[in-house]
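K.L.:
My structure is below; once you've seen it, I'll send some questions.
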């Protein structure tokens, strides 16, 4: 620790403590500690801290004192606020409260370098805190050190700036009491001449009033939102208690009749029982769908879909309900409708079913028309328009947007309330938006409604429609490049690709993938998103930047963390699809079917092992690979991780933790994987060396427990 310079006031070494810098993740605030001699510390604040930074800052200073302050040693704390942007009032209150806890360990506290309102705010805080005998406020660094020098010579000085005008003090205290205790934010604060020693204090009180007024408004808005949320919750409970009770009554009543009735009655009530159970399941599924959509966990799984067939199944399911009410239901499909597109059949049918059920509910006379029409053909896509028209009660203009809200229905004051949870239209719109479209409504009260949306679908070849779902009968004669820095992942992905008829080249890094891409021709690339060095996103960007046409091949992201934000990053990087870990053979097959036409099964040549035998061998070899890698982790990687964390080698620690997290997750060591992820996150921020040591010990324990209890231990 070499001195950066010599203090011009004391002549003592002025040392920047490089290991004692606190910085927020997004860089909005930074705190640095310097030492003057042995017992004077300068904490410089840069930026505008938030409320949550107060505790972290205090912990940072407290840890510094634990390391450098000897027992019974006089220590002077100087706070340089020359580059501090005035923080919110909650932060200021928390900092002052935390300083009070540190005071027994500090001889004196001096704030300096403040300008305008900030100096007035700090002075006011000191004046009303009762701590003025230990806290001083001055304009600059030289003045601060002179205060410390005087205190070293003469103990127990009083704050020299406190004025003695008792009338002004009483006026100031009355104003503070009116604002703080009576919450009167309209109180008149007199303008004081700038030459008056109380001018800055009155200015600071005015700032405090503004802060408290803003907090009051914010709390009022929060209270209104809370009351609104409570009303929604109460409405939800009322709605669901009624809706759940209806099918339950049907189930219980049908069971009683079945128990004591004859054979004819049993068949009838079995049908009631089945319908009631389906209604109950539909409600539960609706609630689960809402939860998934809110948390961003709803994803689309594209498959080969015949839209006409999918629409026919929804129409058939709704037709029986229409017949009971004497309604017609016509399905109109465009003759040019493609036979095979890439879509999520479950989610799309859910939208069809909801729109048809809604139309049947609010139509008493006439019927429903469900139409599918091609709006536009592209080179490899088709835009399809879907429309559900009814001759029902219609929807008043003031209710047309409200019906898409959750638990809302068309108001029918003179009729019996329609069944259902009020979730169908809300869920349908969110699913359609997830697919890239939106549901539009046209309605006229008393004449009916029309719900319409358009979606773009990739076109697929349909000559494999007659094949069964047996993966062994589907072959793709493709050359694939699979890139992952985890050996276990590479083995699994290669096995699945070979099972589907692909030849596979493996790479362990983004750099290696780019080198292979320059020398060989591939049909499809699979890139792990999180790799040390160049990750999959950067590799995809570089591939897409090539102008020779070779960069146009399908690039698939392989990731275990497919959040909505992550999906956006993946698509922005130029990738064409996402394969989530742990990898499933069905998902891999669907990915290939979206881009390529499957060929006939490839018979094994004479004397060669067939693909099934190859997969079998790989499967048998996998435990040995996991065992070997686990032993390496125990004997090599964990000691290396402990050393890197102990020495504060953040880059090395982050790289090791990333590799260990990937292997642990794939091998089933979930707790160890979570510990490794935390090490990687902390190390990337380049701080918290002592915390890293604790996390490294935790990972070693978690991994050891998993290994000794796993099937991979010999």
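In the numbering used here, the protein residues as written are 67 to 780.
Heads up, the beta-carbon is just placed ideally off N, CA and C, and yes, glycines get one too.
#1: Which residue comes first and which comes last in the alpha helix (DSSP H) that contains residue 705?
#2: Per DSSP, what kind of secondary structure is residue 371 in: helix, strand or coil?
#3: Does the stretch 369 to 384 come close enough to the stretch 404 to 416 to have 3 or more Cβ pairs within less than 8 Å?
#4: How big is the Cα-Cα spacing for residue 568 and residue 448?
#5: Work out the CA separation of residue 91 and residue 400 for me, nearest whole Å.
#6: Give the range of the beta strand (DSSP E) segment to which residue 546 is assigned.
#7: Give the DSSP-derived three-state secondary structure of residue 673 in the structure shown.
#8: Does the Cβ-Cβ distance between residue 715 and residue 772 come in under 9 Å?
#9: Do the stretch 180 to 187 and the stretch 107 to 119 touch if we need at least three Cβ pairs shorter than 8 Å?
#10: Cutting at 7 Å between CB atoms, please list the residues of its own chain near residue 762, excluding the five before and the five after it.
#11: Go ahead and pull the three-state DSSP assignment for residue 479.
#12: Kindly indicate which three-state DSSP category residue 524 falls into: helix, strand or coil?
#13: Considering just the uninterrupted stretch of the beta strand (DSSP E) at residue 446, what are its terminal residues?
#14: State whether the stretch 586 to 598 contacts the stretch 617 to 626, with contact taken as three or more CB pairs (one from each stretch) at a distance under 8 Å.
#15: Return helix, strand or coil for residue 597, following the three-state DSSP convention.
#16: Can you find a CB in chain B that lies within less than 9 Å of the CB of residue 147?
#17: From what residue to what residue does the alpha helix (DSSP H) around residue 396 run?
#18: What are the boundary residues of the alpha helix (DSSP H) that residue 767 is part of?
#19: By Cβ distance, which residues of its chain are closer than 8 Å to residue 531, with the 5 residues on each side in sequence left out?
#20: Please return the same chain residues whose Cβ sits closer than 8 Å to the Cβ of residue 128, not counting the five positions on each side in sequence.
#21: Assign residue 766 to buried or exposed, taking buried as 16 or more other Cβ atoms, counted over all protein chains shown, within 10 Å of its Cβ.
#22: Which term fits residue 701, buried or exposed, when burial requires 16 or more other beta carbons within 10 angstroms of its beta carbon?
#23: Give me the Cα-Cα distance between residue 572 and residue 547, rounded to the nearest whole angstrom.
#24: Which residue comes first and which comes last in the beta strand (DSSP E) that contains residue 217?
#25: Among the candidates 435, 515, 420, 149, whose CA atom is the shortest distance from the CA of residue 465?
#26: Out of 596, 770, 775, 742, which has the shortest C-alpha to C-alpha gap to residue 759?
#27: Can you tell me which residues form a DSSP beta bridge with residue 90?
#28: So, is residue 93 buried or exposed, given that buried needs 16 or more other C-beta atoms within 10 angstroms?
#29: Compare the beta carbon distance of residue 607 and residue 566 with 9 Å and say whether it is the shorter of the two.
#30: Let me know if residue 282 comes out buried or exposed under the rule of 16 or more other beta-carbons within 10 Å of its beta-carbon.
#31: Assuming the contact rule is C-beta atoms closer than 8 Å, residue 461 and residue 509 should be a hit. Round their C-beta distance to whole Å, please.
#32: How big is the Cα-Cα spacing for residue 433 and residue 451?
#33: How would you label residue 463, buried or exposed, when you count the other beta carbons within 10 angstroms and need 16 or more for buried?
#34: Going by beta carbon distance, what residues of the same chain come within less than 7 Å of residue 519, once the five residues before and after it are set aside?
#35: How long is the line joining the alpha carbons of residue 654 and residue 582, rounded to whole angstroms?
#36: Write down the C-beta distance between residue 570 and residue 563 rounded to the nearest angstrom, noting that I regard them as a contact closer than 8 Å.
P.N.:
Answer, in terms of the structure:
#1: For the purposes of this step, residue 705 is taken as residue 639 along the chain shown, with counting starting at 1. 704 to 713 is the span of the alpha helix (DSSP H), which, as asked, contains residue 705.
#2: Walking along the chain shown from the start, residue 371 turns up at place 305. Residue 371 falls in the strand class under three-state DSSP.
#3: yes
#4: For the purposes of this step, residue 568 is taken as the residue at position 502 of the chain shown. For the purposes of this step, residue 448 is taken as the residue at position 382 of the chain shown. Spanning the two alpha carbons is a distance of roughly 29 Å.
#5: Position 334 of the chain shown holds residue 400. Position 25 of the chain shown holds residue 91. Approximately 55 Å, taken between the alpha carbons.
#6: Residue mapping note: residue 546 aligns to position 480 of the chain shown, counting from 1. 545 to 549 is the span of the beta strand (DSSP E), which, as asked, contains residue 546.
#7: Start at 1 with the first residue of the chain shown, and residue 673 comes out as number 607. Only weak support exists for where residue 673 lies, its pLDDT of 37 falling under 50; the coordinates are left without a value.
#8: Along the chain shown, read from residue 1 onward, the residue named residue 715 stands at position 649. Along the chain shown, read from residue 1 onward, the residue named residue 772 stands at position 706. No, these two residues do not count as a Cβ contact at 9 Å.
#9: no
#10: For the purposes of this step, residue 762 is taken as residue 696 along the chain shown, with counting starting at 1. 707, 708, 711, 745.
#11: On the chain shown, residue 479 is found 413 positions in, with the first residue counted as 1. Below a pLDDT of 50, predicted positions are generally treated as unreliable, and residue 479, at 42, falls in that range; the measurement from the model is reported next regardless. Looking at residue 479 - three-state DSSP - the assignment turns out to be coil, as it is neither helix nor strand.
#12: The sequence position of residue 524 within the chain shown is 458, counting from 1. In this structure, residue 524 counts as strand in the three-state DSSP scheme.
#13: For the purposes of this step, residue 446 is taken as the residue at position 380 of the chain shown. Where residue 446 is concerned, there is no enclosing beta strand (DSSP E), given that its DSSP letter is neither H nor E.
#14: yes
#15: On the chain shown, residue 597 is found 531 positions in, with the first residue counted as 1. In this structure, residue 597 counts as coil in the three-state DSSP scheme.
#16: Considering every chain present, this structure includes no chain B. It has just one protein chain.
#17: Indexing the chain shown from 1 puts residue 396 at position 330. Unbroken run through residue 396 is the beta strand (DSSP E), 394 to 399; no alpha helix (DSSP H).
#18: Along the chain shown, read from residue 1 onward, the residue named residue 767 stands at position 701. It spans 755 to 774 - the alpha helix (DSSP H) in which residue 767 sits, taken as one unbroken run.
#19: Numbered from its first residue, the chain shown carries residue 531 at position 465. Below a pLDDT of 50, predicted positions are generally treated as unreliable, and residue 531, at 43, falls in that range; the measurement from the model is reported next regardless. Hits under 8 Å: 370, 372, 405, 406.
#20: By 1-based counting over the chain shown, the position of residue 128 is 62. So the list reads 168, once near-sequence residues are dropped.
#21: By 1-based counting over the chain shown, the position of residue 766 is 700. So residue 766 counts as buried.
#22: The count along the chain shown starts at 1 and reaches residue 701 at position 635. Residue 701 comes out exposed.
#23: If you number the chain shown from 1, residue 572 lands on position 506. If you number the chain shown from 1, residue 547 lands on position 481. Approximately 6 Å between the Cα atoms of the pair.
#24: Your numbering for residue 217 matches position 151 in the chain shown. Premise fails: residue 217 lies in the alpha helix (DSSP H), 207 to 219, not in any beta strand (DSSP E).
#25: Within the chain shown, residue 465 is the residue found at index 399, counting from 1. Nearest option by C-alpha distance: 515.
#26: Residue mapping note: residue 759 aligns to position 693 of the chain shown, counting from 1. The shortest C-alpha separation from residue 759 is found at 742.
#27: Against the chain shown, residue 90 aligns to sequence position 24. Note: residue 90 sits in no beta bridge, so no partner.
#28: If you number the chain shown from 1, residue 93 lands on position 27. Flag for residue 93 reads exposed.
#29: If you number the chain shown from 1, residue 607 lands on position 541. If you number the chain shown from 1, residue 566 lands on position 500. No; because the gap between Cβ atoms is not below 9 Å, this pair is not in contact.
#30: Numbered from its first residue, the chain shown carries residue 282 at position 216. Exposed, by the Cβ-count rule.
#31: The residue labelled residue 461 in the question sits at position 395 within the chain shown. The residue labelled residue 509 in the question sits at position 443 within the chain shown. Indeed they touch by this definition, with Cβ atoms about 4 Å apart.
#32: In the chain shown, counting from the first residue as 1, residue 433 sits at position 367. In the chain shown, counting from the first residue as 1, residue 451 sits at position 385. Cα-Cα distance, rounded: 20 Å.
#33: Numbered from 1 along the chain shown, position 397 holds the residue referred to as residue 463. It counts as exposed.
#34: Residue 519 sits at position 453 when you count from the first residue of the chain shown. Same-chain partners within the cutoff: 452, 498, 503, 504, 505, 506.
#35: Position 588 of the chain shown, counted from the start, is the residue given in the question as residue 654. Position 516 of the chain shown, counted from the start, is the residue given in the question as residue 582. Rounded to whole angstroms, residue 654 to residue 582 spans 22 Å at the Cα level.
#36: As a position in the chain shown, residue 570 is number 504, starting the count at 1. As a position in the chain shown, residue 563 is number 497, starting the count at 1. With a Cβ gap of about 5 Å, residue 570 and residue 563 count as contacting.
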